[in-house]
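First to last, the sequence lines map onto chains R and H. In this text, residue positions in the first sequence follow the working numbering: the first is 16, and each later residue adds one. In this text, residue positions in the second sequence follow the working numbering: the first is 23, and each later residue adds one. Virtual Cβ for every residue (Gly too), placed ideally from N, Cα, C. The structure presented is a predicted model; accordingly, all values stated were derived computationally and were not measured. The next block holds one structure in the form of C-alpha cells; read it before the comments.
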Amino acid sequence: MPNSWNRRDFLKLSLAAGAASGLSFTPPAAAADNTPKKGGHLKLGIDGAATTDVLDPASWISSYMMVVGCAWGDTLVRTDPVSGKAIPGLAESWESADKSSRWIFTLRKGVQFHNGQALTAEDVVKTLSRHRDPKFRSGVIAYLSSISTVTSDGDKITITLNESNVDFPLVLSLWNLQIQPGGGYENPNAGIGTGPYRIVKFEAGVYTQLEKNPHDWDSSRGNVASAEVIAINDASSRVAALSTGKVHFISGLSPKIVALLKSGPVTIYNTPGRGHYTLPMMVNTPPFDNNDLRLALKLAIDRQQILDRVLGGYGSLGNDFPVNSAYPLFPADIPQRQYDADQAAFHFKKSGYSGPIVLDVAEGVFPGAVDAATLFQLSAQKAGIKIDIRRQPDDGYWNNVWRNKPFCVSSWGTRLTQDLIYSLELGPSSASNETNFANPQFASLLKLARAEEDEAKRRTLYHDIALIVRDEGGTLLPVFNNYLNASSNKLQGYIEDVGNDLSNGHVISRVWLNN
Amino acid sequence: MKSLIARGVRSTAPRHPLARAIIHRLLLAVILLWGVSLLIFAAVNALPGDFAAASLGRAATPEAIASIRQSLGLDKPLVTRYLLWMLQIFKGDFGLSWASQQPVSAQLGHRLLNSLWLAGAAALLAIPVALLGGLFAVRYLHRLPDRVITLVSLIILSLPEFLIGYLLIQVLVLHVGVSTFPSTIYDGMSLPDRLSALLLPVLTLAIAVLANMLRSARSALMSVTSTPWMETARLKGLPPLRILWRHAAPNAISPVLTVIAMNLAGLIVGAMIIEVIFVYPGVGQYMVDAVTVRDIPVVQACGLVFAAVYILLNLLVDMLAMAANPRLRFPR
C-alpha cells in the first residue's frame with residue numbers, strides 16, 4: 016500500500032503550500048474546515064455501468080446513471096438528506112386539496128435549461144406524461160399509476176390523483192423524473208436538463224465528462240468546476256484506482272475490503288440505508304402456506320451471524336418487515352426477532368411438515384447470497400429443519416427464479432416512503448409482490464395510512480402494518496445493508512444522505528476538493 | 023511420351039495456385055459464416071428470457087412485456103425474424119440496438135477498433151518474444167536455458183489472466199507508479215497517452231498468450247529437428263542457429279502460425295475480463311452487456327463479427343503457410 020509515499024507526498028505538498036503562503040506553522044488540521052472550495056476536476060469510479068446505458072432518464076436503473084443523471088438533471092421535488100422529507104426543487108412550493116388527492120405545484124422562476132431554453136410548466140407536464148406512457152418503458156411508471164391528470168396554468172402545475180396520498184410530492188423526487196425540455200419527447204437521450212453540470216461527453220459503459228453549468232439556479236451546490244465519472248465495474252479495480260489517487264471517490268465498496276482500506280489515507284463512508292435482503296416464501300404455495308412453517312423458518316435464521324459474516328457488520332438486523340429506522344415513522348417499539356432453535360423446532364413440528372425445504376439461490380442477487388444461504392442451512396439444522404440449497408445461474412435470475420420458485424433469495428433497494436416499499440414488495444396488485452401476500456387487513460390499513468393526514472395516527476397505522484407483515488407474511492428479512500463508499504482525504508463535504516446511496520445520487524454537486 | 027506426361031501434369035495443375043486457393047477458401051468462408059449465422063440465431067433465441075422481460079427487470083408486467091415484444095417484432099415467427107435479419111445484413115446493416123436505439127454498426131466498429139489496438143499491440147509484443155524464446159529453448163534443448171524457459175512458461179500458463187492483471191496493477195501502479203490506470207481510452211487522445219493507457223492491458227494479455235505460443239513454437243521446432251534431413255544438416259557441420267533458422271523454422275511455421283492465429287483471435291474478441299479489470303472499452307464487454315439485457319441485434323452482430331474474425335485469421339494463416347511451404351498449394 017502506498018502509505019509511505021503518500022505521507023511523504025503530503026509533507027512535500029504542505030511544505031510547498033507553507034512556503035508559498037508564508038504560513039508554514041499552520042497545522043494541517045486547520046485546512047480541513049467546512050467552507051466549500053470552488054473549482055477543481057473531480058474524478059469518480061462508479062460501478063453499475065453498462066454499454067447499454069443511455070441518457071434517457073426513463074431507462075435508468077443503475078447507480079452509475081443515478082450519479083450522472085443527478086448531475087445534469089433536476090426533479091420537481093428534492094428530499095432532505097437527514098429527515099428524508101420533501102423539500103423544494105424545481106417546484107418552489109406546493110399545496111394539496113381534496114384530502115391530498117389534488118396537488119398544486121408552483122414552478123421556480125428564472126430557471127433555464129443547458130441549451131438556453133427557459134423552463135416552463137409545460138415541460139413538467141410533458142415529462143410526467145412521457146414517463147406515464149407505456150411506450151417509453153419508464154422504470155418508474157408504476158409509481159405514477161395513481162395519477163389521473165396533469166395540467167398546467169401559468170407557473171402552476173396541477174396533478175390529480177385517483178386516491179388520497181399525503182406523501183405524493185416525494186414521488187416527484189424520483190431520480191428518473193428529471194425535467195427535460197419538451198418532456199424529452201423529441202430526443203429522450205439529449206441529456207439536457209437544468210442541473211448543476213452539463214454533459215460534455217457521454218460514452219456508455221466507459222465514462223462521462225461533465226462541466227459546471229454557469230447558469231445554475233441553485234448557488235449552494237456544484238463546487239467542482241468539472242467532473243469525470245469513470246465506469247469501473249470491477250471492485251478490485253475501483254480500490255486500486257482510489258489507492259493510486261487516479262480517482263477521488265469510489266462506490267460499492269465490499270465489506271471484506273474495508274478493513275484493508277481503513278489503514279490508508281482514505282475516508283470510508285458507512286451510510287445506513289433502506290436497502291435489504293430477503294428470502295421470500297410464497298404464502299399461497301405449500302408448504303409455505305402454513306404460518307407455523309413460515310414462523311419456524313423466520314426463527315431458524317441467525318440474523319446476527321449473517322450480519323457479521325456476510326455484511327462484515329456493515330448493516331443492521333432485519334425484523335421481517337421491509338422498513339427500518341431510515342424511514343420516517345418507523346415503529347421502533349416492535350421487538351427484534353432473534354434466532355431461537357427451540358421455538359423454531361416447536362413451530363416446525365406444529366406445522367405438520369417434515370420434509371426438506373428447497374431454497375433457490377444465485378450469488379449475483381446480493382454479494383454473499385450463497386454464504387448467507389449456507390449459514391441459514393446450518394442454523395436451521397440445529398432446529399431440526401433440513402434446507403436444500405439449489406444453486407441457480409445469475410443470468411436471468413429475476414425472470415426465471417424470482418417470483419417463480421416458492422422460496423428463493425431477493426434484494427431490495429431504497430424506496431422513498433414506507434407506503435412505497437410496502438406497496439411494491441407486498442401490495443396485492445404489485446408485479447413485484449414476491450411472497451404473493453394477499454392480506455385484506457394489510458391492504459386496507461395501507462390505503463388508510465396513505466390518506467391519513469394526522470401524523471400520530473399514521474404512525475399507529477404503520478405500526479400495525481409492520482406487525483401483520485412480520486408475524487403473518489412470507490417475508491424473511493434477515494438484514495438491512497449499509498452503503499459503503501470511499502474517497503481520498505482530498506475530497507470533502509460528502510453528505511451521508513438517508514435517501515439513497517451516493518449521497519442520494521448528488522455526490523458530484525455536493526462535494527469539494529481541497530488542494 | 024515424356025512430353026505428353028509433362029503436358030498432362032501441367033493441364034491439371036492450376037495456373038495461379040495461390041490465387042485459386044484463396045478464392046476457394048473465401049467461398050468456403052462465406053458458406054461457413056452463413057452456417058454460423060444460423061447457429062447464432064438459434065442460440066440467441068434459445069436463451070431463456072427476452073429483451074422485453076430483461077429490460078423491464080423486476081417492474082415487468084405481462085401487458086408491458088407484450089407491448090415491447092410487439093414493438094420489436096418479437097411476436098413474429100422465428101423463420102420470419104431470421105430472414106429479416108439476413109436481409110438486413112445483405113444490405114450491410116446490423117440494425118439498431120434495442121437497448122440504446124443507436125446503430126449497432128457504429129458502436130461495434132468503435133469498440134472493435136479499440137480491441138484491435140489492444141490485440142495488435144499485445145501481438146507485436148508477444149509474437150517475437152514467443153518465437154525467439156522457442157528457438158532459444160530448442161537451441162539449448164534439455165539444458166538450463168530450456169528448463170528455465172519451460173518452467174516460467176508453465177507457471178504463466180497456470181496463472182489466470184485476471185491474476186496477472188491484478189499482479190501488474192499491484193507492482194506497476196501501486197509500487198512503481200509508472201502506468202496509467204484505469205486504462206480508459208478517450209476520443210481524441212494523443213498517441214503517447216493512448217499508449218500509456220494501453221500499457222497495462224497489453225502487458226497482461228501479452229504475458230497471458232506468450233507462454234502458449236512459446237510452447238507450441240518449441241514443440242513444433244523439436245519435432246522438425248528430429249527428422250533425418252535435419253540430422254544431415256547437422257552432419258554437414260552447419261552452425262546450430264543457422265540450422266534452426268534456415269531449415270527447421272520454415273517447416274515448423276505452419277502449426278505455430280495456427281496457434282498464433284487462435285491466440286490473436288482470442289485477444290481481439292475474448293479479452294472481456296481484462297477489459298473489465300482495466301476499464302478498457304473493448305468489444306468483449308460490449309457483447310456481454312448485450313447478452314445480459316438480451317439486446318439481440320447487438321449479440322447477433324457481435325457473434326457474426328467474431329466468427330468472421332476467426333475465419334479471416336485462419337484464412338490468413340493458411341495463406342502464410344502456403345507461402346512458406348509450396349507443397350501445401352496443391353491439395354491432394
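Residues sharing a beta bridge with residue i, DSSP
{"i": "W527 of chain R", "result": "R:Q507"}
{"i": "T293 of chain R", "result": "R:S425"}
{"i": "T164 of chain R", "result": "R:T175"}
{"i": "G330 of chain R", "result": "R:N496"}
{"i": "S108 of chain R", "result": "R:T121"}
{"i": "Q127 of chain R", "result": "R:A133"}
{"i": "G60 of chain R", "result": "R:I245, R:I265"}
{"i": "T282 of chain R", "result": "R:S502"}
{"i": "P103 of chain R", "result": "R:V92"}
{"i": "I402 of chain R", "result": "R:I372"}
Alpha-carbon to alpha-carbon, residue j and residue i
{"i": "L217 of chain H", "j": "I290 of chain H", "result": "17 Å"}
{"i": "R147 of chain R", "j": "I174 of chain R", "result": "13 Å"}
{"i": "P280 of chain R", "j": "A242 of chain R", "result": "22 Å"}
{"i": "F63 of chain H", "j": "G57 of chain H", "result": "10 Å"}
{"i": "V181 of chain R", "j": "V155 of chain R", "result": "19 Å"}
{"i": "N414 of chain R", "j": "I318 of chain H", "result": "17 Å"}
{"i": "I523 of chain R", "j": "V338 of chain R", "result": "28 Å"}
{"i": "F151 of chain R", "j": "S89 of chain H", "result": "11 Å"}
{"i": "S201 of chain H", "j": "I191 of chain H", "result": "9 Å"}
{"i": "M16 of chain R", "j": "S251 of chain R", "result": "Its pLDDT being 36, under 50, M16 of chain R is placed unreliably in this model, and the coordinates cannot settle the point."}
{"i": "D340 of chain H", "j": "F300 of chain H", "result": "34 Å"}
{"i": "S74 of chain R", "j": "D68 of chain R", "result": "8 Å"}
{"i": "V126 of chain R", "j": "A133 of chain R", "result": "6 Å"}
{"i": "I45 of chain H", "j": "S238 of chain H", "result": "29 Å"}
{"i": "S163 of chain R", "j": "R145 of chain R", "result": "14 Å"}
{"i": "L326 of chain H", "j": "A219 of chain H", "result": "29 Å"}
{"i": "P42 of chain R", "j": "H230 of chain R", "result": "Low confidence applies to P42 of chain R: its pLDDT is 39, below 50, so where it sits in the model is not reliable, and the reading given next is rough at best. Between P42 of chain R and H230 of chain R, the C-alpha separation is close to 37 Å."}
{"i": "V170 of chain H", "j": "D215 of chain H", "result": "35 Å"}
{"i": "P301 of chain R", "j": "S366 of chain R", "result": "11 Å"}
Proximity of residue i and residue j at Cβ, strictly below 8 Å
{"i": "V325 of chain R", "j": "G383 of chain R", "result": "yes"}
{"i": "H263 of chain R", "j": "L59 of chain R", "result": "yes"}
{"i": "A293 of chain H", "j": "L140 of chain H", "result": "yes"}
{"i": "A323 of chain H", "j": "L130 of chain H", "result": "yes"}
{"i": "R213 of chain R", "j": "E226 of chain R", "result": "yes"}
{"i": "L147 of chain H", "j": "W120 of chain H", "result": "no"}
{"i": "G208 of chain R", "j": "Q195 of chain R", "result": "yes"}
{"i": "L335 of chain H", "j": "L263 of chain H", "result": "no"}
{"i": "I275 of chain H", "j": "A343 of chain H", "result": "yes"}
{"i": "Y354 of chain R", "j": "D317 of chain R", "result": "yes"}
{"i": "M235 of chain H", "j": "I149 of chain H", "result": "yes"}
{"i": "F303 of chain R", "j": "V373 of chain R", "result": "no"}
{"i": "V224 of chain H", "j": "A144 of chain H", "result": "yes"}
{"i": "R406 of chain R", "j": "V376 of chain R", "result": "yes"}
{"i": "V315 of chain H", "j": "A76 of chain H", "result": "yes"}
{"i": "L463 of chain R", "j": "L57 of chain R", "result": "no"}
{"i": "I296 of chain H", "j": "L227 of chain H", "result": "yes"}
{"i": "T432 of chain R", "j": "M297 of chain R", "result": "no"}
is_contact[residue i, chain B] using C-beta, thresh 8 Å
{"i": "D249 of chain R", "result": "Absent here is chain B; the protein component of the structure consists of chains R and H."}
Check: Can you give, in chain order, each stretch of the beta strand (DSSP E) that sits fully within the stretch 489-523 of chain R and has at least 3 residues?
Finding: 490-496, 498-503
Residue ranges of each beta strand (DSSP E) within the stretch 190-249 of chain R, 3 or longer: 212-218, 222-227, 241-246
Every unbroken alpha helix (DSSP H) inside the stretch 99-134 of chain H [4 residues or more]: Secondary structure in the stretch 99-134 of chain H: the alpha helix (DSSP H) runs of 4 residues or longer, each lying completely within the stretch, are 100-112 in chain order.
Give a yes or no on contact between the stretch 91-100 of chain R and the stretch 175-189 of chain R, applying the rule of three or more CB pairs nearer than 8 Å.
-> yes
Q) Does the stretch 330-346 of chain R come within contact of the stretch 486-506 of chain R, defined as at least 3 CB pairs closer than 8 Å? A) Contact holds: three or more Cβ-Cβ distances are below 8 Å.
- Query: So, do the stretch 190-204 of chain R and the stretch 168-178 of chain H have three or more beta carbon pairs nearer to each other than 8 Å?
  - Reply: no
Q. Is there contact here, the stretch 244-259 of chain H with the stretch 299-306 of chain H, by at least three beta-carbon pairs under 8 Å?
A. no
**Report entry** At least three beta-carbon pairs within less than 8 Å, the stretch 141-157 of chain H to the stretch 95-105 of chain R
**Finding:** Taking 8 Å as the limit for Cβ pairs, the verdict is that the stretch 95-105 of chain R does not touch the stretch 141-157 of chain H.
>> When you compare the stretch 435-450 of chain R with the stretch 394-404 of chain R, are there three or more beta-carbon pairs, one atom per stretch, that lie closer than 8 Å?
In response: no
Would you be able to state if there are at least three C-beta pairs under 8 Å between the stretch 277-291 of chain R and the stretch 471-487 of chain R?
Contact fails: fewer than three Cβ-Cβ distances are below 8 Å.
Query raised in the report: Can you list, in chain order, the stretches of the alpha helix (DSSP H) that have 4 or more residues and sit fully within the stretch 286-311 of chain H?
Result: 294-300
- Message: Which complete beta strand (DSSP E) runs does the stretch 209-277 of chain H hold, if anything under 3 residues is left out?
- Response: none
- prompt: Where in the stretch 314-368 of chain R do unbroken runs of the beta strand (DSSP E), each at least 3 residues long, occur, reported from the N-terminal end onward?
  reply: For the stretch 314-368 of chain R, whole beta strand (DSSP E) runs of length 3 or above, ordered along the chain, are 330-332.
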